[in-house]
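Asker: Have a look at this one.
In this note's numbering, the protein residues as written are 23 to 213.
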């Protein structure tokens, strides 16, 4: 079977996701993992991974656009900040157990912006309203060709993967589990 490169795979994708993905291909080259609907780059630039998807989502914040490029970093978000991040931007995705946060937007610059503002919310530098307002301002500044410091790079160090994950706390003891297995066996043997 002949393996296709990223540019060949996206030929049949919708124009919106094809154009966004081509920008990633131009910058980082062919991905390490491919399927007919997804391209994945491992450790490109500052990211843990970038995932480009054939499927795209309509997103109206701060202005209508599509989301199909997801940039992932290692980052532990305190549980008490989850609601704030959800209110800030529905395309910022927190994976507590894995210790990852990602932003899914139309390009890498917008993902830098979203994740830098996520960090500002987590550290208390900005509240949700301030972060949303700043997002809109920098989004417009980008189109005006003005400086956009939050769209250039991550303005913080992402965590080491081993320190970012949160496996949570067990609420069941070994005795609870063993007892459940014994009870399950008895029920099976009787039935």
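Beta carbons: idealized from backbone N, C-alpha and C, even for Gly.
Residue 28 to residue 90, Cα distance in whole Å?
Answerer: Taking the first residue of the chain shown as 1, we reach residue 28 at position 6. Taking the first residue of the chain shown as 1, we reach residue 90 at position 68. Each residue's Cα considered, the two are about 15 Å apart.
Asker: Less than 9 Å separating the beta-carbons of residue 73 and residue 101?
Answerer: Locating residue 73 in the chain shown gives position 51, counting from the first residue. Locating residue 101 in the chain shown gives position 79, counting from the first residue. It is not a contact, given that the beta carbons lie outside the stated cut-off.
Asker: I'd like to know if the region 64–78 and the region 149–162 are in contact, where contact means that at least 3 CB-CB pairs between them fall below 8 Å.
Answerer: Touching, no, given that fewer than three Cβ pairs across the two stretches are closer than 8 Å.
Asker: Which runs of the beta strand (DSSP E) fall wholly inside the region 104–170 and span at least 3 residues, in chain order?
Answerer: Whole beta strand (DSSP E) segments, 3+ residues: 114–117, 122–127.
Asker: Can you give me the C-alpha to C-alpha distance between residue 118 and residue 129, rounded to a whole angstrom?
Answerer: As a working note, residue 118 is residue 96 in the chain shown. As a working note, residue 129 is residue 107 in the chain shown. Rounded to whole angstroms, residue 118 to residue 129 spans 24 Å at the Cα level.
Asker: Among all the DSSP beta bridges, which residues are the ones paired with residue 80?
Answerer: For this step, residue 80 is matched to residue 58 along the chain shown. Looking at the DSSP assignment, residue 80 forms a beta bridge with 88.
Asker: According to DSSP, what are the bridge partners of residue 186?
Answerer: As a working note, residue 186 is residue 164 in the chain shown. Per DSSP, none; premise fails for residue 186.
Asker: Using 9 Å as the threshold, is the C-beta distance between residue 55 and residue 62 below it?
Answerer: Residue numbering aside, residue 55 sits at position 33 when the chain shown is read from its first letter. Residue numbering aside, residue 62 sits at position 40 when the chain shown is read from its first letter. Closer than 9 Å, so yes.
Asker: For the putative contact between residue 177 and residue 138, defined by C-beta atoms under 8 Å, what is the C-beta separation to the nearest angstrom?
Answerer: On the chain shown, position 155 is the one that residue 177 refers to. On the chain shown, position 116 is the one that residue 138 refers to. Confirmed, about 5 Å.
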